[in-house]
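Residue numbering for the sequence shown follows our numbering, beginning at 916 and increasing consecutively. Every residue, glycine too, gets a C-beta built ideally from N, C-alpha and C.
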Amino acid sequence: MTNQYIPQIIEKRWQDKWADTELYRSKVDWSKPKHYALTMLPYPSGDLHIGHWFAMIPSDARARFMRMRGYNVLFPMGFDAFGLPAENAAVQRNIHPARWTYANIERMRKQLRTMGAMFDWKREALSCDPSYYRWTEWFFKQLYLHGLAYRGEALVNWSETLQTVLANEQVIDGKDERTGQPVIQKLMTQWFFSITKYADELLNFDKLDWPEPIKIMQTNWIGRSEGAKVIFKTESGDEIEVFTTRPDTLWGATFMALAPEHELVEKITSPEQQDAVQAYIEQAVKTTEIERASESREKTGIFTGAYAINPVNGQRIPVWIADYVMITYGSGAIMAVPAHDQRDFDFARKYGLKIIPVIQPEGENFDGDTMTEAYVGSGQMINSAQFNGTACSNAKGRKNPGINAVIDWLEERGIGQEDINYRMRDWLISRQRYWGAPIPMLHKEDGNLEVVSDADLPVLLPDDVEFMPTGQSPLVYHKGFLNTIASDGSPARRETDTMDTFMCSSWYWFRYLSPQYNAAPFDPEEAAYWLPVDVYTGGAEHATMHLLYARFFNKVMRDMGVFDDTAAAMKTRGRDPDALFDEPMLTLRNQGQILGEETIGHYVLASGRWESKKLIADKVEVIDRSDAPKEFDGAQGEIMRRTENILQVQTASDELTTIEVTADAQITIPTLGESCSVTQLQHHLEIQRMSKSKGNVVNPDEFVQLYGSDTVRTYLMFAFDWQKGGPWNSQGIKGPQRFLEDVWSIVVDPAKDGLAETEAETKAARNLRRKTHQTIQACTDSLETFSFNTYIAALMAFRNTLHSAKRSALYGSPAWEEAIETMLTLLAPAAPHISEELWMRSGHQYSVHQQVWPAFDPEIAAEDEISVGVLVNGKVRDRFTAPADISQEDAIAQAQDLPGVKRHIEGKRIVKAIYVTGRLVNLVAK
């Protein structure tokens, strides 16, 4: 057995050993406290990138930590395997989505195993496997039967060129990001889940230990608004319902605006406006909702030729169509109050519409003709009939006196009523795709719908489909799939839309509990022990979709009785199920992002003529920084930014100089020659997200081959604040590499002075034990708080202590043995392979990962001596070393006797003296 540390050999050996012995197999054990640790399952794109490692490795380390602390830990893994990329691959590579997906899964499994993570692979779940999506379909069926799934019309981004629906993120400036072709808004019949019925409960985070930004994002996404629903009637008698959060401003409504998609547009538009309105609508639907809602975008509109009557004052007001009004918010119609809403104000000024102020602060005298912006503050109602003088605050809903009074008045007269509106829309789950979970519904000839029976689940995806850009699912053209028989024997047509992949990821942690279970989505006996998830880790970018859908799904399952058997099983084991099914994950922590590595720009010498502080350069030469001349008439430095022919160069004095390169300038780049263009000059790239298009993706496999998995794991935990992330640094990994090599050397290589025969209670031994227990405390605190960088930093500091101890007579003593065992057990969560190897080489039984996390003794960890700072009138003046148990009286006396303190208190009276135990003495002298 070689004494050389070769991670590639030992890591593979231990990974095989762990698999053979099922070391990480998690089983129900009611004699132990449970800990369900979950990290977000990946999409099988084909390769794990460094972002996957950054999310999973610290999560794995903490799961290991919890296991060593006596918890029975479940830490599973699976794949969110349905989705559009597989279908795109089918078209581009002429390969079936299933083949592409399963090949990627196999590759990623191998990569995941090289991590050395403690995943329980017996619990793996694949969302594209029929045994999984059978239950995804079953859940859809339950939502439908409980009135929570329905069909309705929705606006989608439609590519005429591709004949398909595009996601919002695929549309930029009204065009398909891939083809550059125009995209329009199109109404299509889709399937929805009634998530809005749970809006208020989703706003309650009392039981969740989740990051505050996630709660805020979900709160804003749900967007609960209190106000009133008011009916306006057109002159032809048509009713237009509006929702307003400011019914106290009704007297200031000077026009109405409808969304271009509003159902009344065609009906109320006057004949002379028909052509213009139609042309406007055709243009408006080419713009996505996100762009239309942008605050910075200029608002546009057109007059319908129709008028409505303001129900509070009988005023005749024009009805317009405006692109900033969304059919997906409220009723798709607004009462416009330009004096008190900036968008309405801008619109009114643009089109010459009336502005009437109805709220005014004391001391002001608003005039609609001269106002320069909308007033949105508090004040008193004016121009509002009997409500003049009523106070209006910035409070929401009935807490605002003006709103409260007006709502009562509207309800008394039957022209409006109190209402609550939500920004969040119902969850659109239809996808016109093949590679997704089928929707288990039948369309009968008589127009009715029928849900597929449990006996016929799953509705299987056929293998022999053709992928054509028709805008419909390929299932539409597969007669064997499409045509079927209803329960009454009549012909029927299967639903050909498939489900949003977020449906699959809204319940996957339940399937991990029992992936082979066939009687239900999960085994209630397993669920009774493991649920709910204790710690969930993953990206904050999922705040308003996956994480919100997961919460909704959990609450729906509770209300549909899915947890009833689990609750019964809990009770038989003496576990109280009360409120355990309200939320899916008790604690959530988000990792930051690993960003691209900074790229250094070219170092240039530029010469030409100066115009003010800008150099007009006719010659630019790229040189090595080390060859830079001390003096130069032009400008020299690193290119920090380039915009066309304008360079921003950072000089040796850290100042930025602007260089304008002329069109005929001579540009020399040694690696390319003398006739180069300005576009070939490389500039300093700011830190940015990793992406294939930017060419800055880090492949972890390369670093594992070079340094080993343990080094990559340790680097990812040490180099970044896990909850913030930061730029990748290729050179930074060498520090963790040296650290692990040092630990190996400390344990494996014999001490030059040989073994110590006995352990005397020497100062050195006490210091080593003290440092050992201080390190235990530091590592424990860090892992409890997800502070992985300080955890590794504590181990690195302990490494230095061990180096010093090994050179002393402590080597081989009880204090030394305790220190080495402690180092290996503390290191095991971060670097499992080397810890296992060194544990075995130290003569211990397999496995280090089955050891108990060491406990620290506060008395041993306490310092014998402390360094105490002394402040005089708030400023540090001196320090002294004292016994750790020094009394307040002695500390103050010793502080006053210090030379650096005496100079500042001489001739003065000490009016206050405080000793902060173990830290400082604070003296106030006058």
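In this structure, the alpha-carbon of residue 1683 lies about 17 Å from that of residue 1799. For residue 1786, DSSP records a beta bridge to 1791, 1837.
For residue 1636, the secondary structure class from DSSP, reduced to helix, strand or coil, is strand. According to the DSSP secondary-structure assignment, residue 1364 is paired through a beta bridge with 1358. Bounds of the alpha helix (DSSP H) holding residue 1024 are 1012-1029. In the structure shown, residue 1158 falls within a strand segment according to DSSP collapsed to helix, strand and coil.
Distances from the alpha-carbon of residue 1772 to those of 1597, 1569, 1004, 1693 put 1693 closest. Counting the other Cβ atoms within 10 Å of the Cβ of residue 1548 gives fewer than 16, which makes it exposed.
Pairing residue 1504 with residue 975, the inter-Cα distance amounts to about 13 Å. With fewer than 16 other Cβ atoms from the protein chains shown falling within 10 Å of its own Cβ, residue 1383 counts as exposed.
For residue 984, there is no enclosing alpha helix (DSSP H), as DSSP marks it with neither H nor E. As the crow flies, the alpha-carbon of residue 1174 is around 39 Å from that of residue 956.
Non-local C-beta neighbours of residue 1445 in its own chain, meaning closer than 8 Å and more than five positions away in sequence, comprise 943, 949, 951, 989, 1428, ordered along the chain. Per DSSP, the unbroken beta strand (DSSP E) holding residue 1555 starts and ends at 1550-1558. Selection 1649, 1741, 1469, 1422 evaluated against residue 1497 yields 1469 as nearest (Cα-Cα).
Excluding the 5 residues flanking it on each side, residue 1432 has same chain C-beta neighbours closer than 7 Å at 1438, in chain order. When the five nearest sequence neighbours on each side are left out, the beta carbons in the same chain lying within less than 7 Å of the beta carbon of residue 1081 are those of 1072, 1074, 1091, 1098, in order along the chain. Secondary structure remark: continuous alpha helix (DSSP H) runs of at least 4 residues inside the region 1360-1439, in chain order: 1394-1397, 1416-1419, 1423-1426. Closest in C-alpha terms to residue 1414, from the list 1660, 1355, 1009, 1005, comes 1355. In the three-state reduction of the DSSP assignment, residue 1486 falls in the helix class. If you look at residue 1317, you'll find it in the alpha helix (DSSP H) that goes 1316-1328. A straight-line Cα-Cα distance of about 31 Å links residue 1599 and residue 1453. When C-alpha distances from residue 1458 are compared across 1495, 1417, 1222, 1841, the shortest belongs to 1417.
Judged by DSSP in its simplified three-state form, residue 1353 adopts strand.
For the set 1339, 934, 1008, the Cα lying nearest the Cα of residue 1109 is the one of 1339.
Taking a C-beta distance under 9 Å as the contact criterion, residue 1076 and residue 1094 qualify as a contact pair.
Taking all protein chains in view, the Cβ of residue 1525 is surrounded by fewer than 16 other Cβ atoms within 10 Å, so the residue is classified as exposed.
Note that the C-beta distance between residue 1215 and residue 1244 is not below 9 Å. Around the beta carbon of residue 1242, 16 or more other beta carbons lie within 10 angstroms, which makes this residue buried.
The Cβ atoms of residue 1838 and residue 1753 lie no closer than 9 Å to each other.
Relative to residue 1300, the option among 1277, 1231, 1166, 1251 whose CA is nearest is 1166. DSSP places residue 1464 in the helix class (H, G or I) of the three-state scheme. Burial check for residue 1323: the Cβ neighbour count within 10 Å stays below 16, so the residue is exposed.
The DSSP-derived three-state label of residue 945 is coil. Boundaries cannot be given for residue 1344, as no beta strand (DSSP E) includes it and DSSP labels it neither H nor E. By a beta-carbon distance limit of 8 Å, residue 1158 contacts residue 1336. Their separation comes to about 5 Å.
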